[in-house]
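Just so you know, we're using my numbering here: the sequence shown kicks off at 12 and counts up by one. Encoded as structure tokens, the structure appears first; notes follow it.
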Amino acid sequence: MSKIKMSLRLLSAVLFLLIGSPYAWAEDTIRLAVAANFAAPLKHIVDEYSHQTGEKLSITISSSGTLYAQIIHGANFDVFFSADTQRPRALIDAGRISESDVVPYAQGRLAFVTHDHAIIENGLTDENVNTLLEQHRLAIANPKLAPYGVAAQQALVNLGLWDDIKPSLVMGKNVQQTYQFFTTKNVGAALVAYSLVKNSAPSVLVPDNVYSPIVQSLAILTPHSQEKLDTHT
């Protein structure tokens, strides 16, 4: 079974256990908090699930850091789809959930998008990237809030570009806003989640040896739900 199918099966199981739990029946809507990079795939899954079951699900989209802060301060979500594993594990450290409530669901990839089609066709080289960045600003997600911002910063540091372009960087509060800066042509290039652009814009995958693996995990925030998840996966 492919990783994608396994992830979809896992997500469907999470939704099933929430709908079927006594806790969920006390609420009108299942509340999902999702990092911006995974918002589009999750919306598709939720639309299909709601169409088939008639159940109501709401989605709140923001950066992983912002959603984590909201949860710590009492925001009432049932599942938190983070773009990293750091924040879900921080919820364990904070005593909000247990070890078994954190489940990896995807591994992200970093992509470079630009309006310069020559770079897309010829690939990333020191020469063409340096030329581009001399003429246009680059957008990344804020590393303090978004895991893809951390990955973008790591890539730029390891490629020897960070010090030169840091003063002119444009930072989005999450990876979705970062991509919007690009699509509205406020910047000439951006480092974003590949999942955001693979079906909508030409892009080049950033070599995965210049940034740490982006392992995305979900945190099940509904009490006592992990036992049900184990029985449905």
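From the three backbone atoms N, C-alpha and C, an ideal C-beta is built for every residue, glycine too. Note that the structure is a prediction, hence the values are computed from the model and not measured.
Under the three-state reduction of DSSP output, residue 116 falls in the strand class. Looking at the DSSP output, residue 108 shares a beta bridge with no other residue. In this structure, the CA atom of residue 93 is about 18 angstroms from the CA atom of residue 151. A direct Cα-to-Cα measurement between residue 120 and residue 81 gives close to 26 angstroms.
Contact between the stretch 197-216 and the stretch 125-132 is present: three or more C-beta pairs spanning the two stretches fall below 8 angstroms.
Nearest C-alpha to residue 54 among 130, 117, 146, 70: 70.
Look at residue 101 here: in three-state DSSP terms it is helix.
For residue 189, the closest C-alpha among the options 40, 48, 42, 43 is that of 48. In the same chain as residue 157, and ignoring 5 residues on each side of it, the C-beta atoms closer than 7 angstroms to its own belong to 74, 75, 76, 94, 185, 186, in chain order.
If the five residues before and after residue 113 are omitted, its C-beta is found closer than 6 angstroms to the C-beta atoms of 99, 228, 230, all from its own chain and listed in chain order.
Residue 181: member of the beta strand (DSSP E) spanning 181-183, first to last residue. Distance from the Cα of residue 143 is smallest, within the candidate group 162, 176, 164, 115, for 176. Rounded to the nearest angstrom, the Cβ distance from residue 222 to residue 122 is 12 angstroms, too far for a contact under 8 angstroms. Annotation for residue 157: no beta strand (DSSP E) segment contains it, and DSSP assigns it neither H nor E. Collapsing the DSSP output to three states places residue 144 in a helix.
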